[in-house]
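First residue of the sequence shown? That's 415 in my numbering, and the numbers climb one at a time after it.
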Amino acid sequence: MRVATLSTSVHPGVERPSQPRIGAKAPPGGSIVQNVLKALDETKAEDVISIDLRGKTALADEMIIATGRSTVHVGAIADKAMRALKEAGVSARVEGVPQCDWVLIDAGDVIVHIFRPEVRQFYNLEKMWGGDRPVEIRLV
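Shown next, in the form of structure tokens:
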């Protein structure tokens, strides 16, 4: 499977959280990201990209975005990704499973978005998180 990676530079003055997040424990024999990407490949997820969020936000270190062909396919992809995380000992929260238009899996330092094609195009998260985010300016 070919995975596109979007990486960006770290903004000066942006610090990463000092404590690990819940669910961020790396599984033995591989990283959380690798386990998720393998699960996505096994379920034939399409247009998979990985975005490095380090230095952009304290929400996560990595965001993975993938597309399923239908609501059933999106549900199957999400199920396989959740099972891969569970087998690796990573606790994760999931939202959007009943509708399966957009499933969000929050595994601490890794966030996975699985979309139907039309929903992915509408929200366009790649554009939002792929480029350099503007530095916040605080008015005193």
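Using N, Cα and C, we set each Cβ at its ideal position, and we do this for glycine too.
Quick caveat, the model's predicted, so the values are computed rather than measured.
- In the three-state reduction of the DSSP assignment, residue 530 falls in the coil class.
- Contact between residue 480 and residue 499 is absent: CB atoms are separated by about 14 Å, not below the 8 Å threshold.
- Membership of residue 483 in any beta strand (DSSP E) is not indicated, and neither H nor E is assigned to it by DSSP.
- By the Cβ test, the segment 458 to 475 is not in contact with the segment 505 to 515, since fewer than three Cβ pairs between them sit closer than 8 Å.
- Of the other Cβ atoms in all chains shown, 16 or more fall within 10 Å of the Cβ of residue 526; this residue is therefore buried.
- If you look at residue 450, you'll find it in the alpha helix (DSSP H) that goes 446 to 456.
- Annotated three-state conformation of residue 507 is strand, per DSSP.
- With a cutoff of 8 Å on beta-carbon distance, residue 502 and residue 519 are scored as not near each other.
- Between the C-alpha atoms of residue 530 and residue 537 there is a straight-line separation of about 11 Å.
- In the structure shown, residue 493 falls within a helical segment according to DSSP collapsed to helix, strand and coil.
- By the Cβ-count criterion, residue 488 is buried, with 16 or more other Cβ atoms from all chains shown falling within 10 Å of its own Cβ.
- Here residue 532 is exposed, its C-beta having fewer than 16 other C-beta atoms within 10 Å.
- For residue 520, the enclosing beta strand (DSSP E) begins and ends at 516 to 520.
- For the pair residue 474 and residue 517, the CB atoms are not nearer than the 8 Å cut-off.
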